Amino acid sequence: MTRTLPQPGISGHWLTLLMIIAALFATAPQAAALELSDDEQAWIARQQTITVGGERDWAPFDFVDGEGNYTGIAKAYLDILSEQTGLQIKMEIDDWDRLLTKIKAGQIDLLPAIYYSRQRERFVNFSESYSKHAEFIFVREGQKHFSSLEQLHGKRVVVVKGYTIEAFLKKNHPEITVTTEPSILRALNALLTGKADALINDIASTSHVAHTYNITGFEPTVLLEERINELRMATRKGAAPLTRIINKVFQGIDADTHRRIQKRWITLTPQKTKTPQLVLTPKEKSWLELHPIIRCTSDPSWMPYEGRDESGNFIGIFSDITELISQRLAITIDYIPSKSWDEVIRRARHKEVDFITAIPSQKRQEFLRFTSPIIVKELALLTRKSHPIISSFSSFPGNKVAMITGYGYNQEVLKKYPEHDYVYVASLKEGLYGLSSNRYDIFIANITSSLYYISKEMLNDLQVAGTLDISFAVAYGVRDDWQIFHAILEKALRSISDEERQEILNRWVRVDVVQKVDYSLLYQLGGFFVLIVLIILYWNRRMHREIKRREQVESALHKSNEEIQTILDTAQNIIIVSDSHKLLNTNQALLDFFGYPSLEDFFQEHRRVCELFIRHDDYFHLGRIDDPDLWISAISKLPETEQLVSMQGKHTIFPSVFSVHINQLDASDVFVISFTDITGIKLESKEHEYRSTHDQLTGIYNRLYLNRYLKHELQRCKQLNEPVSVILLDIDFFKQVNDTYGHSAGDEVLKELSTILNANIRASDKAARWGGEEFLVVLTGTDLEQALFLAEKLRRNIAAHLFTKPQRISCSFGVATAQKGDTMNSLIKRADRGLYQAKERGRNRVEVIGEEAGL
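Counting from -16, one number per residue, gives the positions in the sequence shown under this note's numbering.
Now the structure itself:
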C-alpha cells in the first residue's frame, strides 16, 4: 500500500516528510530502569570490550565523517549502551558486504544499524528496533511522479547494493529493472544523469547525502508504507546475552532522548543556521597585531581549488575563502610560490610558511594543526574512453593505477584496494596527460579538479569511469607551534556564511555548467528516436524495392509511414525530416510549439524550419550565412557545444533555446534533425553566473567579484604604470533607519543608493556592496584628484536625493589611490581609515589618510 504526497512544490514535500518521521518517533518507549540478570552481568564482566562493525557512508545512521570519526544515529545509541553497561566499544570500519561476512564468521560482535530480514536472521540475533525510517520513491524534479511500485513496472530503478530493498523488488516486482550502486551518492548520480527513472531509499540518509554534497534537482513522490523499516542492532550468533542487554537498554531510553537524537541527525532540508560572528579575545587581537603578515603557499596545479594564473597570482576556491578571511582579520597574506605539492609539504614541515590547505592525515598532524573542513569531496576513477565503466574498483584487479604523490588519501586507497599496481605522479596535470598517453590504465584524483582540467586541456579521450567510496576533507593546516592562530583561523572559517561559500563555489564550479554544458544525455534521448526513425525509413526503402505488386507496396508504405509518424509523435523533442530546401516531415511537437494545426498550415507560411530561427549573437541563425539552403551544412560544421538555435513558441513568453542533432540518411540529401529544448539549462547557467557576481538585494556587484576585479586591476595598472583608486562609503546613521522605519525601508535605501552609484560612475568603473551599508567603488585609470572629485560628486548627489523613507540620508567617504608596494588589503585599509576619519569629523564628508592627504 502506498500513500501519495501532496504536490505543492519541494518545500511541501519535505515538510510532509518531517511530519511523517516525527509521527514514527512519537511511539518511542518511556524510561525504564536498567536491571540485568546475573548471567548478563557475568557476560559483561567476561567480555568487557565488544567489537562493533561500522559502515563508512550510511549517513546519518552509521558512517565516518570527513575527519575520520565514526558517528551518526547508531553511534548515539552505542554511547548510551556503553555508558549504562560499562562495555568498551572497539570500532571496526568496513564496507557493508564485508561487515556482513565478518559477523557471519564471528569476527565482530555487533552491527549497530541494520534492517531485519529473514535471511539475515540465520546468522545474527536482532535487537528490538530503536528507530523507524520510511522509504520513498525519488524522481528528478519536473519528471512524471510515480504513485506506486506498480507504476514502476518496465522502468529502471536504482537502489544501493546490499540494501534489503534490492531483494524485495526482485522478489515482489520482477517487472522492475533493478540496478545497483555501491553508495547513496552514486545512486543519486544515476538518477540525476538519467541512468535510472527512479531511486528508492530511506528519506533520512538520502536527504543527508544531498545536504552534505549540496545536491538538488530531485524530489520524493510517494511514501512506501510497505517499506517502513525498523532500525535495529544485530549481534553474532553465540552472543544472545548481548542482545538481551541491548533490548533492556533500549527499553530504558525515554521518548525525549529518542527525539533529541532524531533532531540532531535527521535534516530533511538544508537548515539555515546562524553564521557565528567573528569575536576575538583580547589575547588573539594582540597576537594579530604582532603578526600582521601571514605566510601561505599552495599547490600550483589543483584547480579549481587552488593554483596560479599567468601573472603568478594565487587563484581558486581556497584563494577566495582565504582572501575573505584575511579581510575579516585585517591581515596581509603573503603567498609564497611552490613548484609542486611536495614543495608545499616541505615548506610547511620546515615552517617556511605559516599555513597551507591540505587533506588531514596522521603524518601531517606531526607538524600541522588542522581546522574543521573547508570542503568535502569524492575521488574519481579516470580512464581513457576505450576502458569500460568501473562499477566496482575491486572487480578490475591488476591495473596500473596512478595517484598524485603525497596526497592524504593515498594510504586509504592502498589499504582498501591492494590488488592494483600503483605508480605516482607529481601533479594532477601530469597524471591526466600520462593517462591520455597510455602510461597507465587508471588515474585516481578528485572529481571536481579532474573535470576542470579535462575541459581546460581538451583531453577529450578521457572519462570519469567511476568513483571510489572514499571521500576526503580539505582543511587549513597551521604550523603546530601557532596554536593561537589555529584558534583564530577556526573562528574566521566558521564566520563564513553558507551563502558566501556558495557564491565562491558558483564562481569556480560554474566552469563545467556555463562553458561546457553536457548535452550527451540529451543527444542520447534524441538519438534514440532518430535511430528508430532511420531503421524504419531503411525498412521502408527495402520494402519498396522488394515488393513487386503495386497494391502491396502502397499498403506497406502506408503502414510504415504510420509507424514512423507514431514514433515521431511520441518524442517530446522536435524531430523533423528535411533536405536543404524544404521540410519533408515533422512530429507533433513542432506543430504544437509553433501553434500550427497541421503540416499543411505550416507550409502556407514557411518552407523550412530555419526561417523561424531568431537572430541572436549566441546562437545560429540565417544571418550568419549567405545561402539559406546551406543551413544544415553550416550547423553541422559548428563545434558540438555551439550547435544551438533559438525559436519563439506560440505559447511561450520568451524564446526557447534548442540543441541541434543532425543525422544524414545514407548518402542522400535527406536529414533527420532533432531539436532538444535546453532553455532551462541555459537560464540556470546564466543565473548561476549572475548570482556569483552580484548582490542579491541591490543587484550591483558583490564583494567577492570586486575582490577579484580589484586584484586584477592592481596587477594590470602596475604593469601599464596607470593609477587606480578606490572609494569606500558608508551610510550615516543607517541603524536608525532600520530601527525607525523597519528593515524593509532600509533595504529600499540600499537599492536606491546602488542606483545612484551606478548612474554617476563611468562604464569602466565598478561599484559593489561591500557589506551591510558599506559600498566600494573601484576607479581604473583614475588618480587621487579625480577620485576625490567623483567622491564629492557622489556625496552631493546622495545628500540631495529624495529617498522613500527617510527622504534624506547622507554618506561618509574614504578615498585612497594605489601606491608603490600596495596590496589590495593595504589599499582598502587606507580607504577604510579615511572613512573612519570622516565619521569622526562629523559625517557626510570625504576624507583621505596618510601621505595622500597632502596631495
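Glycine included, each C-beta is placed from N, C-alpha and C at the ideal position. All figures in this text were calculated on a predicted structure; none of them were measured in a lab.
Check: Pick from L70, D80, E18 and L17 that is closest to W41, judged by C-alpha positions; Outcome: D80
Check: Residue burial classification, Q394 (beta-carbon count within 10 angstroms, cutoff 16); Outcome: exposed
Check: Neighbour-count burial assignment, E38, 16 or more Cβ in a 10 Å radius; Outcome: buried
Check: Every unbroken alpha helix (DSSP H) within the stretch 292 to 350, with a cutoff of 4 residues, ordered by chain; Outcome: 300 to 312 and 324 to 332
Check: Beta-carbon proximity of C794 to D722, cut-off 8 Å; Outcome: no
Check: Three-way DSSP call (helix, strand, coil) for H116 in this model; Outcome: strand
Check: Strand pairing of R779, partner residues [DSSP]; Outcome: BP columns for R779 are empty, so no partner.
Check: 7 Å Cβ shell around I63 - same chain, five flanking residues per side excluded; Outcome: V232 and I236
Check: Contacts around A59, its chain only, beta-carbon distance under 8 Å, and the 5 residues preceding and following it disregarded; Outcome: I244, R247 and W248
Check: For L411 and A844, believed in contact at Cβ under 8 Å, the rounded distance; Outcome: Because residue 844 is not part of the residues shown, which for the chain are -16 to 838, the question remains open.
Check: C-beta contact flag for V457 and A363 at 8 Å; Outcome: no
Check: First through last residue of the alpha helix (DSSP H) which encompasses E413; Outcome: L411 to S419
Check: With 16 other Cβ atoms within 10 Å as the buried cut-off, status of Q431; Outcome: Reading off the sequence shown, one finds Thr at residue 431, where the question assumed Gln. Burial call: buried.
Check: Backbone CA spacing between L171 and D185 [nearest angstrom]; Outcome: 12 Å
Check: Runs of alpha helix (DSSP H) lying entirely within the stretch 173 to 230, each at least 4 residues, in chain order; Outcome: 186 to 195
Check: M807 vs L693 beta-carbon contact at 8 Å; Outcome: yes
Check: Whether L206 touches L132 by CB criterion (8 Å); Outcome: no
Check: Bridge partner(s) assigned by DSSP for Y407; Outcome: M386
Check: Range covered by the alpha helix (DSSP H) that runs through Q790; Outcome: Note, Q790: premise wrong, no alpha helix (DSSP H); not H, not E.
Check: For A475, the nearest candidate out of Q310, K73 and Y416 (CA to CA); Outcome: Q310
Check: Rounded C-alpha distance that separates F654 from K620; Outcome: 15 Å
Check: Same chain only: Cβ atoms within 7 Å of I298, ignoring 5 sequence neighbours per side; Outcome: G290, R291 and D292
Check: Beta carbon of S166 nearer than 8 Å to that of V141; Outcome: no
Check: Contact set for A150: own chain, Cβ-Cβ below 8 Å, skip 5 residues either direction; Outcome: S100 and Q102
Check: Residue(s) in a DSSP beta bridge with I558; Outcome: S657
Check: Runs of alpha helix (DSSP H) wholly within the stretch 580 to 660 (minimum 4 residues, chain order); Outcome: 582 to 586 and 614 to 619
Check: Secondary structure of R81, DSSP reduced to three states; Outcome: helix
Check: Within 8 Å, strictly: CB atoms of R490 and L307; Outcome: no
Check: Proximity to D715 [Cα-Cα], best of K266, R826, L573 and Y98; Outcome: R826
Check: Simplified DSSP assignment, three categories, for G132; Outcome: Gly is not the amino acid found at residue 132; the sequence shown has Leu there. Of the three classes helix, strand and coil, the one that applies to L132 here is coil, per DSSP.
Check: DSSP state of Y819 mapped onto helix, strand, coil; Outcome: helix
Check: Residue span of the beta strand (DSSP E) that contains L93, given as start and end; Outcome: L93 to Y98
Check: Contacting residues, own chain, Cβ-Cβ under 6 Å from W324 (five flanking each side not counted); Outcome: D282 and G389
Check: Span of the alpha helix (DSSP H) around A801; Outcome: Looking at the DSSP string, A801 is not in any alpha helix (DSSP H), and its letter there is neither H nor E.
Check: DSSP three-state assignment for D463, whether helix, strand or coil; Outcome: coil
Check: Residues bridged to Y53 (per DSSP); Outcome: V47
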